[in-house]
Amino acid sequence: MKAALSRRVRSAAAFLLTALCVVIALVPLLSLAWLVVSRGWAGFSWALLTEVPGPPGGAPGGVGNALAGTGVVVFWAALLGLPLGIGAGVFLAESDHDDRLASAVRFTADVLAGVPSIVAGIVAYGLIVAPMKRFSALAGAVALAVLMLPALARTTEELVRRVPGALREGGLALGIPQWKTSLRIVLPAAAAGIATAVLLSIARIAGETGPLLFTSLNNAHWSLAPDQPIGTLTVQLYNDAISPYPAMQQRAWATALLLLVVVGLLNMAARVVAGRRAEGAHG
Amino acid sequence: MGMMRRHTDRSYEAELAALREKVARMGARVEGAVATATRAIVQRDAAMAESVRVEDRLVNRLEVEIDEDCRRILALRQPAGSDLRFITTALKIVVDLERIGDLAANIAGRAIELAEAPPLLSPPDVGRLSELVQAQLSRAMRAFVDSDVALAEEVKGEDDLVDALYMKLFNQLLGLMMEDSRNIRRLTALMFVAKHLERAGDHATNVAEMAIYLARGTDVRHPRSRA
Amino acid sequence: MDETVRMAVRGLSAFHRGTAVLHNVTLDVRDRSVLAVIGPSGCGKSTFLRCLNRMHELAPGASVTGEILLDGRDIHGPGVDPVALRRRVGMVFQRPNPFPTMSIFENVAAGLRLNRMAGDLDAVVERALRAAALWDEVKDRLRGSPGSLSGGQQQRLCIARALAVEPEVLLMDEPASALDPIASARVEDLVHELKARYTVVIVTHNMQQAARVSDSTAFFYLGRLVEHSPTAELFTNPREERTEEYVTGRFG
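Residue numbers (the numbering used here), protein chains in the order written: chain A, 1 to 283; chain B, 1001 to 1227; chain C, 2001 to 2252.
1. What does the alpha-carbon distance come out to for the pair residue 127 (chain A) and residue 186 (chain A)?
2. Going along chain B in order, which residues have a C-beta closer than 9 Å to the C-beta of residue 2207 (chain C)?
3. In or out: residue 181 (chain A) buried (at least 16 other Cβ within 10 Å) or exposed?
4. When DSSP builds the beta bridges, which residues end up paired with residue 2227 (chain C)?
5. Quick one: which unbroken alpha helix (DSSP H) runs of 4-plus residues sit fully inside the stretch 160-222 of chain A? Chain order, please.
6. Please confirm if residue 1146 (chain B) has its CB atom under 7 Å from at least one CB of chain C.
7. If you run the structure through DSSP and keep just helix, strand and coil, what is residue 2036 (chain C)?
8. Between which two residues does the beta strand (DSSP E) containing residue 2055 (chain C) stretch?
9. Along the stretch 171-188 of chain A, where does the CB come closer than 7 Å to a CB of chain F? Name the residues.
10. If we ignore side chains and look at the alpha-carbon of each, how far apart do residue 1083 (chain B) and residue 2038 (chain C) end up?
11. Which of helix, strand or coil does DSSP assign to residue 102 (chain A)?
12. Could you pull the start and end residues of the alpha helix (DSSP H) that residue 2093 (chain C) belongs to?
13. CB residue 2087 (chain C) to CB residue 2165 (chain C), shorter than 7 Å?
14. Cβ atoms of residue 2215 (chain C) and residue 2034 (chain C): under 7 Å apart, would you say?
15. Is the separation between the beta-carbon of residue 289 (chain A) and that of residue 85 (chain A) shorter than 7 Å?
16. So, for residue 1067 (chain B): in the same chain, excluding its five sequence neighbours on each side, which residues have a beta-carbon less than 8 Å away from its beta-carbon?
17. Which residue spans inside the stretch 72-138 of chain A form an unbroken alpha helix (DSSP H) run of at least 4?
18. Could you check how far apart the C-beta atoms of residue 2027 (chain C) and residue 2090 (chain C) are, in whole angstroms? I think they sit under 8 Å.
19. Is the Cβ of residue 192 (chain A) closer than 7 Å to any Cβ of chain C?
20. Measuring CB to CB, does residue 2226 (chain C) end up less than 7 Å from residue 2240 (chain C)?
21. Check whether chain B comes within 7 Å of residue 2247 (chain C), counting only Cβ atoms and requiring the distance to be less than that.
22. Determine contact between the stretch 1053-1061 of chain B and the stretch 1102-1116 of chain B, defined as no fewer than three beta-carbon pairs at a distance below 8 Å.
23. Residue 150 (chain A) touches chain C at which residues, Cβ-Cβ below 7 Å?
24. For residue 2083 (chain C), which residues in chain A fall below 9 Å Cβ to Cβ?
25. Buried or exposed: which applies to residue 1007 (chain B), given that a residue is buried once 16 or more other Cβ atoms fall within 10 Å of its Cβ?
26. Which whole-angstrom value is the C-beta distance of residue 2173 (chain C) and residue 2041 (chain C), which I expect to be below 8 Å?
27. Nearest by alpha-carbon distance to residue 32 (chain A): which of A:78, A:51, A:241 and A:253 is it?
28. Have a look at residue 1046 (chain B) and residue 1005 (chain B) and give me their C-alpha separation to the nearest angstrom.
29. When you check each C-beta in the stretch 89-121 of chain A against every C-beta of chain C, which residues fall closer than 8 Å?
30. DSSP state of residue 2202 (chain C), grouped into three classes?
31. When Cβ atoms are compared, which residues of the stretch 2216-2250 of chain C fall closer than 8 Å to chain A?
32. Contact between the stretch 2128-2140 of chain C and the stretch 2152-2168 of chain C is defined here as three or more beta-carbon pairs at a separation below 8 Å; is this criterion met?
33. Cα separation between residue 1193 (chain B) and residue 1142 (chain B)?
34. Alpha carbons only, please: which of B:1151, B:1037 and B:1113 is nearest the one belonging to residue 1101 (chain B)?
35. Just to confirm, are residue 2152 (chain C) and residue 2183 (chain C) a CB contact at a threshold of 7 Å?
36. Given 8 Å as the limit, is there contact between the stretch 92-104 of chain A and the stretch 142-161 of chain A, that is, 3 or more CB pairs closer than that?
Structure, rendered in structure tokens:
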């Protein structure tokens, strides 16, 4: 009886301690969200989503062009990065552990994952901006694609590896060639997980600023052209935040809130997909 | 086959050992019954003969028990190889042993009949035949328990001896009947006893054949029926 | 009894990263018969099976020596494509492994579709499912997910999938070990039926199962073939003392 009592006391103490840790961890997060919502809410309006930014000192206007610009840059980044990242992941998963090319790719991906995002911007600057002598949405997309590659490749590798070997063997035993087995049987089995990884990687690059500063630059006007400078939410926010005009600072807060919502929605979508996958696995 | 390794499952090993021991015990019992029944004839002891009939009921009970043990092992252990052959031969051997037990009881019945009638002046010797059959049975059982093919082959050969001795006894009894018709009833009883002993010898031979099958895995009965 | 040899294994040795896991195995697999392969874990019985459709050599560092003749032709000979060989020598695995992203129909059709083999898919799928004794249970939900089937049904689906490409030989690697006794009995019953058209090689841990389904049984120990005999003989009167010890449970 005594032992049971002390065990219960210790268990309760441990629970309280862990709960306290959670609360402490949540404080900065919640205060950040509160700050953004409370400051940004005032500038939130329909115009924010539809209009271009007003001139310094004038009416605030909106960041509609930057919202569309972020969409354009992310679209091109995804178009470049997803096939490469997923393809590399499948290659890594299907190659032998001691394959030298695979080891080299894996090592490169790990190094790339640790590189600060600004370096990806410099790479894109050197590859696209300097030869073309022009800032462009495409250059920004290349920078973001480089950023999403390593995590996507390693996540895909992990997910494809987690597909039971029995499925691969099942395909091979039917006399289906190895590459076809990988693409038509193994990859679809990992598809739901990869979809989640794709959404998360898009959410991650949508919030990048550094690599875009000297690749896609900025644009105060509407533009969807990939070969022109383009406005993005993050760069717009950066510019507004460091400006001396209160109206522009207010616009920065509103943009921050918008960015929070966009990234939040992408994360939620990823959760929904992942949740559906978990359900599917049980069924 | 030499010393076999033990079963990994020791409870299975123990069950088989217990069964082997029980079959050996049944063999010893019926062998004893044959000896006692024959002695009751020679010594004209009705009480001794009665004890054989009691013994036969014990033997019958042992047969039922062994049957059950075999069925249980077959159902629960799914024996294979030499174990399977041991179980199936045990099932057949107990039938032979039980028949020998019955024959001993029949001999005991004749012993009571003869004990109640006046003694014959010069009774022919059934003891010699009985000893031969007892030895045959005892050796057949040992061959079975030890999986000894050579011994079993020897026992199989001894059946000719038993048959020869039986024929000799039969002719002797026939001669005595023709000498004095007043003795026919008692001599007929002895003739039955001789016949029972000869049959018991046949069953002992069956046991020997089963022992050969158990050890070798080949059936030595009815050699011509196999294509 | 038909004595035609479908597969002849001659001096087969298999290696894994330089270590021999199968030593000099020679045996014949008769046409339209069931060969059961038994032995303790690690005896090489699964490796042996995987050599027969050249799945063994897919593992890194794996190799084989010796000959395996399918209808008299060496399956390692020049010009023999292992991928094409696997359409002639099908395989069913220990755990049911239906393709989860495909429907029941697509699973059975997968071998034909992904190999671009010609044929009336509907007819082939129905025939394969009937041959695997699954048709009546799934005919109304062919578009459904294989995940909705029981373990035993999934395994029969995998058998149907293997049969759909019309193999000559069907390899089964402990096909009932993950199933309950009833489902496992259905698979065994199916093996009896398959024998009429296919040659079956089945690896099993379960000696009673080997005894029930096979015509001949091969006992492997430490990578060597100890004995290959008619099944009734191997289980009542084995030739080798090792076999006797194994089938009677006097081992290790």
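For each residue, glycine too, the CB sits at the ideal point set by N, CA and C.
The short version:
1. For the purposes of this step, residue 127 (chain A) is taken as the residue at position 127 of the first sequence. For the purposes of this step, residue 186 (chain A) is taken as the residue at position 186 of the first sequence. Roughly 35 Å separates the two Cα atoms.
2. Position 207 of the third sequence, counting from 1, holds the residue named residue 2207 (chain C). Residues of chain B passing the Cβ test: 1078 and 1080.
3. On the first sequence, residue 181 (chain A) is found 181 positions in, with the first residue counted as 1. By the neighbour-count rule (16 or more Cβ atoms within 10 Å), residue 181 (chain A) is buried.
4. By one-based count along the third sequence, residue 2227 (chain C) stands at place 227. Answer by DSSP bridge pairing, in chain order: C:2219.
5. 165-173, 178-181, 191-206 and 210-213
6. Within the second sequence, the letter at position 146 stands for residue 1146 (chain B). Not closer than 7 Å to any Cβ of chain C, the Cβ of residue 1146 (chain B) fails to qualify, so no.
7. Position 36 of the third sequence, counted from the start, is the residue given in the question as residue 2036 (chain C). Three-state result, residue 2036 (chain C): strand.
8. Locating residue 2055 (chain C) in the third sequence gives position 55, counting from the first residue. From DSSP, residue 2055 (chain C) is part of no beta strand (DSSP E); its letter is neither H nor E.
9. This model lacks chain F altogether, as its protein chains are A, B and C.
10. By 1-based counting over the second sequence, the position of residue 1083 (chain B) is 83. By 1-based counting over the third sequence, the position of residue 2038 (chain C) is 38. Going from the Cα of residue 1083 (chain B) to the Cα of residue 2038 (chain C) covers about 19 Å.
11. In the first sequence, the residue the question calls residue 102 (chain A) occupies position 102. Correct three-state label for residue 102 (chain A): helix.
12. Position 93 of the third sequence holds residue 2093 (chain C). It is not in any alpha helix (DSSP H) - residue 2093 (chain C) carries neither H nor E in the DSSP assignment.
13. Here residue 2087 (chain C) refers to the residue found at position 87 when the third sequence is read from its first residue. Here residue 2165 (chain C) refers to the residue found at position 165 when the third sequence is read from its first residue. In this structure, residue 2165 (chain C) lies closer than 7 Å to residue 2087 (chain C) by Cβ.
14. In the third sequence, residue 2034 (chain C) corresponds to position 34, counting from 1. In the third sequence, residue 2215 (chain C) corresponds to position 215, counting from 1. Going by C-beta atoms, residue 2034 (chain C) is nearer than 7 Å to residue 2215 (chain C).
15. Only positions 1 to 283 of chain A appear in this structure, which leaves residue 289 (chain A) out of reach.
16. As a first step, residue 1067 (chain B) is located in the second sequence; it is residue number 67 there, counting from the start. Within the same chain, residue 1067 (chain B) has close Cβ partners 1091 and 1094.
17. 100-114 and 117-124
18. Start at 1 with the first residue of the third sequence, and residue 2027 (chain C) comes out as number 27. Start at 1 with the first residue of the third sequence, and residue 2090 (chain C) comes out as number 90. The pair is not a contact, with the Cβ atoms about 20 Å apart (cut-off 8 Å).
19. Mapped onto the first sequence, residue 192 (chain A) falls at position 192. Not one chain C Cβ lies under 7 Å of residue 192 (chain A).
20. On the third sequence, position 226 is the one that residue 2226 (chain C) refers to. On the third sequence, position 240 is the one that residue 2240 (chain C) refers to. Yes, these two residues count as a Cβ contact at 7 Å.
21. Taking the first residue of the third sequence as position 1, residue 2247 (chain C) is located at position 247. Yes, residue 2247 (chain C) lies at the interface with chain B (some Cβ there is under 7 Å from its Cβ).
22. yes
23. As a first step, residue 150 (chain A) must be located in the first sequence, where it is residue number 150. Neighbours of residue 150 (chain A) on chain C: none; closest Cβ ~26 Å, over 7 Å.
24. Sequence index remark: in the third sequence, residue 2083 (chain C) carries index 83 (1-based). Correct list: 172, 175, 176, 177 and 178.
25. As a position in the second sequence, residue 1007 (chain B) is number 7, starting the count at 1. Burial call: buried.
26. The residue you call residue 2173 (chain C) lines up with position 173 of the third sequence. The residue you call residue 2041 (chain C) lines up with position 41 of the third sequence. So it is not a contact: roughly 13 Å between Cβ atoms.
27. Along the first sequence, one-based indexing puts residue 32 (chain A) at 32. The option with the nearest alpha carbon to residue 32 (chain A) is A:253.
28. In the second sequence, the residue the question calls residue 1046 (chain B) occupies position 46. In the second sequence, the residue the question calls residue 1005 (chain B) occupies position 5. Using only the alpha carbons, I get a separation of about 49 Å.
29. 96, 97 and 98
30. For the purposes of this step, residue 2202 (chain C) is taken as the residue at position 202 of the third sequence. The answer is strand: DSSP assigns residue 2202 (chain C) an E or B state.
31. none
32. yes
33. By one-based count along the second sequence, residue 1193 (chain B) stands at place 193. By one-based count along the second sequence, residue 1142 (chain B) stands at place 142. Looking at the two C-alpha atoms, the distance is approximately 25 Å.
34. Numbered from 1 along the second sequence, position 101 holds the residue referred to as residue 1101 (chain B). Checked all of B:1151, B:1037 and B:1113; the closest Cα to residue 1101 (chain B) is B:1037.
35. As a position in the third sequence, residue 2152 (chain C) is number 152, starting the count at 1. As a position in the third sequence, residue 2183 (chain C) is number 183, starting the count at 1. Contact flag set, yes.
36. yes
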